[in-house]
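J.: Handing you this structure, nothing more for now.
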Amino acid sequence: MKRKCFLIGLFFLLYSQTQVLHAQSWTPDLSIDRKIVDKIQVSPDGSKTLVTYTNWLNPSQLEKRCAVIENRSQKILMTTPADQKCEEAAWSPDGEWISLLFDTPRLKVLYITKSEIYDPIEVGKFPEVSDFQWSPNGKKIAFLRHFSNGPEVLEKSKDVFVVGSVKSYSSLMTIDIDTASKKVFISGPFTPETISVMSFEGMGRTYAWSPDNTHIVFTYVPTGNKNGYKEFQIATVNVQTGHIQYLKDIGIAFDPIYTLDGTSLAYVTGEQAKVGDRFEANDLVLNKRSVCLSDLKGSEVRCLADTPNMSPKIMGWNQKGSALTVQDLDKTKTGLYFLSLNEKKCTQIPTPPMDIMFWPATNTSNTFLGFLGENFYTPPEVYVTPLDDFKPLQITHFYKDLPNLPRLQAKIHSWTSFDGRKMEGILVTPPGYKEGQRVPLVVALHGGPVQRWDQRFMGFSRGIPLSIALLASQGFAFFAPNFSGSDGYGLEFRQLNYKDWGPGPFQDVMTGVDSLIKEGIADPERLALWGWSYGGYLTAWTITQTTRFKAAIVGAGITDLISDIGTAPVTTILQSYFGGEYWKDYQTILRDSPIMHVEKVQTPTLIQHGELDQTVLPSQAQEFFHALKARKIPLKLQLYKSDHAFNMPASLAGMEDLLDWLHTYIDLTPHVSRKKSFTK
3 MKRKCFLIGL
13 FFLLYSQTQV
23 LHAQSWTPDL
33 SIDRKIVDKI
43 QVSPDGSKTL
53 VTYTNWLNPS
63 QLEKRCAVIE
73 NRSQKILMTT
83 PADQKCEEAA
93 WSPDGEWISL
103 LFDTPRLKVL
113 YITKSEIYDP
123 IEVGKFPEVS
133 DFQWSPNGKK
143 IAFLRHFSNG
153 PEVLEKSKDV
163 FVVGSVKSYS
173 SLMTIDIDTA
183 SKKVFISGPF
193 TPETISVMSF
203 EGMGRTYAWS
213 PDNTHIVFTY
223 VPTGNKNGYK
233 EFQIATVNVQ
243 TGHIQYLKDI
253 GIAFDPIYTL
263 DGTSLAYVTG
273 EQAKVGDRFE
283 ANDLVLNKRS
293 VCLSDLKGSE
303 VRCLADTPNM
313 SPKIMGWNQK
323 GSALTVQDLD
333 KTKTGLYFLS
343 LNEKKCTQIP
353 TPPMDIMFWP
363 ATNTSNTFLG
373 FLGENFYTPP
383 EVYVTPLDDF
393 KPLQITHFYK
403 DLPNLPRLQA
413 KIHSWTSFDG
423 RKMEGILVTP
433 PGYKEGQRVP
443 LVVALHGGPV
453 QRWDQRFMGF
463 SRGIPLSIAL
473 LASQGFAFFA
483 PNFSGSDGYG
493 LEFRQLNYKD
503 WGPGPFQDVM
513 TGVDSLIKEG
523 IADPERLALW
533 GWSYGGYLTA
543 WTITQTTRFK
553 AAIVGAGITD
563 LISDIGTAPV
573 TTILQSYFGG
583 EYWKDYQTIL
593 RDSPIMHVEK
603 VQTPTLIQHG
613 ELDQTVLPSQ
623 AQEFFHALKA
633 RKIPLKLQLY
643 KSDHAFNMPA
653 SLAGMEDLLD
663 WLHTYIDLTP
673 HVSRKKSFTK
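Here is the structure:
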């Protein structure tokens with residue numbers, strides 16, 4: 003209630019002072035996406051929607067809740083208690099029941115309840131489980147059980163263990179459930195500890211039931227494989243006999259689903275690279291992806307039409323089962339497509355006004371689509387639409403009390419790069435901007451590099467200590483280039499920075515900056531640079547190549563490519579980008595490491611990193627910090643209690659620190675008086 007009153011009061015304050023306080027009209031506190039939707043599931047009949055979401059109450063308190071919403075009235079029919087953490091929920095096939103998984107201090111607890119009345123019936127308690135899914139007849143619920151065999155302790159010392167000996171894996175299990183008698187029986191695990199059942203990059207489905215309830219198709223990798231994304235395969239298991247059919251002949255594959263008649267499988271597969279190709283390994287991140295069909299043994303395979311970006315994700319079928327509904331990126335927007343089974347045809351589904359859609363999924367009857375929709379000026383909300391007639395209906399109103407954005411202007415900016423290639427990015431000018439007026443410019447570099455800047459809502463920070471509206475309302479123009487290697491622009495563009503992590507993307511960025519200076523928008527004497535993850539790397543690289551920026555912020559960036567490969571606890575794709583292990587071509591990987599060129603840096607640099615980051619270790623920040631410190635560059639290293647994607651407290655603190663750094667080194671005329679924004 004305090005937040006609601008605060009926002010309403012802030013709205014009237016802004017409304018009454020719009021002519022003089024544009025530069026203060028968006029704050030770090032407003033930049034936090036407090037309602038984070040995790041999953042959206044439309045009921046089988048399309049009348050209701052099940053939403054799982056996280057609600058940040060303040061920097062130290064969050065709720066995880068599940069709610070059932072009536073679509074037509076937007077009325078909340080059922081919601082889980084605020085003091086219980088609801089992690090997952092799923093519809094029963096008849097839409098009468100839902101399953102709910104709660105996280106407690108010691109165990110996970112599974113319940114079922116009527117969909118419109120919260121009256122939970124306990125099904126069971128489990129140590130580590132996830133991904134619950136009802137069988138088509140509603141008599142079983144499948145799930146993943148997560149195991150770890152623990153470290154192998156040496157005989158002579160209990161304080162020593164063998165590095166790499168901890169093997170974690172996930173297995174399929176089922177629960178027989180009778181909603182009438184309320185009896186349950188657990189079966190499994192159905193998969194051996196030598197393989198781990200998992201989804202690719204946390205996206206797409208991990209497994210799917212057969213229409214006749216007898217089999218499950220699933221995605222797996224060999225247990226303990228650090229580079230598992232190159233070895234994803236699919237298999238089927240008979241849940242009555244436990245027999246597993248491995249479909250190894252189809253190559254790497256993930257995101258499997260049965261056809262509606264149960265006679266075939268659809269899945270996403272990676273291109274089978276040949277010796278001599280740029281990426282010799284079967285690399286799902288960088289190579290072409292296609293949707294293919296196979297018989298149940300994997301002996302007969304045919305692939306469907308390609309999406310323009312050649313990186314599709316399966317959402318489900320159309321109602322007749324004659325086409326698959328898939329999602330892919332479309333430059334700075336989200337694309338939805340039908341892939342025909344009968345002819346090699348890809349048809350894009352018009353989706354105005356939804357420029358960006360997260361978590362799109364069809365219901366089990368393949369009649370409705372639910373998704374999280376947004377655009378530059380509209381915050382994310384849950385929408386539902388008939389699949390055959392895209393007319394989205396907004397069913398949540400999470401941000402009804404959020405003030406309108408300042409009068410920002412966002413557009414797609416295009417330019418020609420150093421090699422003649424056409425580039426584009428997002429340009430946002432500050433409130434009150436007039437054509438021909440030169441303003442300070444913040445250049446923001448995205449992660450990945452197989453990511454992109456898109457047309458999502460400009461107000462929120464989304465796991466990084468940066469908000470477009472926050473910077474623009476301070477008087478900065480904001481430029482977000484989609485440099486070579488970005489996703490959304492097709493296979494060739496995605497692969498451009500093979501053995502070229504730094505030089506090529508750097509020139510793409512600088513030619514984009516030059517185009518904004520030429521057009522009279524950017525002030526060449528007031529340029530700042532920001533980047534996160536790969537963008538943090540590219541920021542570090544850029545300040546070793548030019549002194550044109552007056553301030554730089556290196557966020558969670560790799561600065562030493564060789565030490566990152568040698569120490570990263572999670573899968574790294576650097577070997578794919580640089581043609582194998584670093585000793586095969588150490589000259590190139592050393593050339594592209596910012597730490598090897600640190601003697602050229604002159605730019606005042608703020609380094610921000612999560613001290614719990616297991617994607618890019620904090621040691622990468624420390625290496626760069628100590629090198630710049632030895633050179634007496636104006637410098638600050640700030641470590642936050644967070645991992646790679648910043649939590650709410652880290653994001654708030656990080657945005658305040660970012661603004662302080664920019665205000666120290668970038669001349670804003672007239673200067674903006676700024677106060678700390680978060681009220682405890």
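The working numbering applies: residue 3 is where the sequence shown begins, and numbers increase by one.
Glycine included, C-beta positions come from ideal geometry on N, C-alpha and C.
1. Under the three-state reduction of DSSP, which class applies to Thr544: helix, strand or coil?
2. In terms of alpha-carbon separation, which member of Ile597, His399 and Gly612 lies closest to Leu630?
3. So, at 6 Å on beta carbons, what are the nonlocal neighbours of Thr82 in its own chain, with the 5 sequence-adjacent residues on each side left out?
4. Could you check which residue in Cys348, Pro394 and Phe378 has the C-alpha nearest to that of Phe370?
5. Below 8 Å on the Cβ atoms is my guess for Ser198 versus Thr208; work out the distance and round it to an integer in Å.
6. Report the residue from Thr569, Asp525, Asn365 and Arg528 whose alpha carbon sits nearest the alpha carbon of Asn92.
7. Could you work out which residue in Ser292, Lys315 and Gly264 is closest to Cys305 when comparing CA atoms only?
8. Under a three-way DSSP split, which group does Pro483 fall into?
9. By the 10 Å Cβ neighbour count, where 16 or more other Cβ atoms means buried, how is Tyr588 classified, buried or exposed?
10. According to the Cβ coordinates, are Leu288 and Gln453 closer than 8 Å?
11. Hey, out of Asp566, Gln457, Thr418 and Ser296, whose CA is closest to Gly375's CA?
12. Under 8 Å: do the region 440 to 448 and the region 460 to 478 share three or more Cβ pairs, one atom per stretch?
13. For the region 55 to 62 and the region 487 to 507, state whether three or more C-beta atom pairs, one from each stretch, are separated by less than 8 Å.
14. Kindly indicate the opening and closing residues of the alpha helix (DSSP H) around Phe626.
15. Please report how far the alpha carbon of Val270 lies from the alpha carbon of Lys520, in whole angstroms.
16. In the structure shown, what three-state DSSP assignment does Arg496 receive?
17. Which of the three DSSP states, helix, strand or coil, is assigned to Ala307?
18. What ranges does the beta strand (DSSP E) occupy inside the region 408 to 470, keeping only unbroken runs of at least 3 residues that lie completely in it?
19. Between the alpha carbons of Met425 and Gly492, how many angstroms are there, rounded?
20. Compute the Euclidean distance between the alpha carbons of Phe480 and Asn311, then round it to the nearest angstrom.
21. Excluding the 5 residues preceding and the 5 following Asp566 in the sequence, name in chain order all residues of the same chain whose CB lies nearer than 8 Å to its CB.
22. Where Ile609 and Ile414 are concerned, what is the direct C-alpha to C-alpha distance, given to the nearest angstrom?
23. So for Ile555, helix, strand or coil by DSSP?
24. Can you have a look at Thr387 and say buried or exposed, based on whether 16 or more other CB atoms are within 10 angstroms of its CB?
25. Rounded to whole angstroms, what is the Cα-Cα separation between Gly427 and Thr607?
26. So what's Pro394 in DSSP terms, helix, strand or just coil?
27. Three or more C-beta pairs under 8 Å: does that hold for the region 101 to 119 against the region 130 to 145?
28. Is Val162 helix, strand or coil by DSSP?
29. Going by C-alpha to C-alpha distance, which of Asp180, Glu90, Ser49 and Leu641 sits closest to Glu118?
30. Identify which residue in Phe400, Pro432 and Leu404 has its Cα closest to the Cα of Gln411.
31. What is the rounded straight-line gap between the Cα of Tyr120 and the Cα of Asn377?
T.: If we stick to the structure as given:
1. helix
2. Ile597
3. Only Arg67, Cys68 and Cys88 meet the Cβ criterion.
4. Closest by alpha carbon: Pro394.
5. About 10 Å separates the two Cβ atoms, so there is no contact after all.
6. Reading off the sequence, residue 92 comes out as Ala, not Asn. Nearest C-alpha to Ala92: Asn365.
7. Ser292
8. strand
9. exposed
10. no
11. Of the candidates Asp566, Gln457, Thr418 and Ser296, the one whose C-alpha sits nearest the C-alpha of Gly375 is Gln457.
12. yes
13. no
14. Pro620 to Ala632
15. Lys520 has its alpha-carbon roughly 44 Å from the corresponding atom of Val270.
16. helix
17. Ala307 falls in the coil class under three-state DSSP.
18. 411 to 418, 424 to 431 and 441 to 447
19. 13 Å
20. 26 Å
21. So the qualifying residues of the chain are Ile560, Thr574, Leu576, Val618, Leu619 and Gln622.
22. In a straight line, the C-alpha of Ile609 is about 29 Å away from that of Ile414.
23. strand
24. That one is buried.
25. 24 Å
26. coil
27. In short, these stretches touch, since the Cβ pair count reaches three.
28. coil
29. Among Asp180, Glu90, Ser49 and Leu641, the Cα nearest to that of Glu118 belongs to Ser49.
30. Pro432
31. 34 Å
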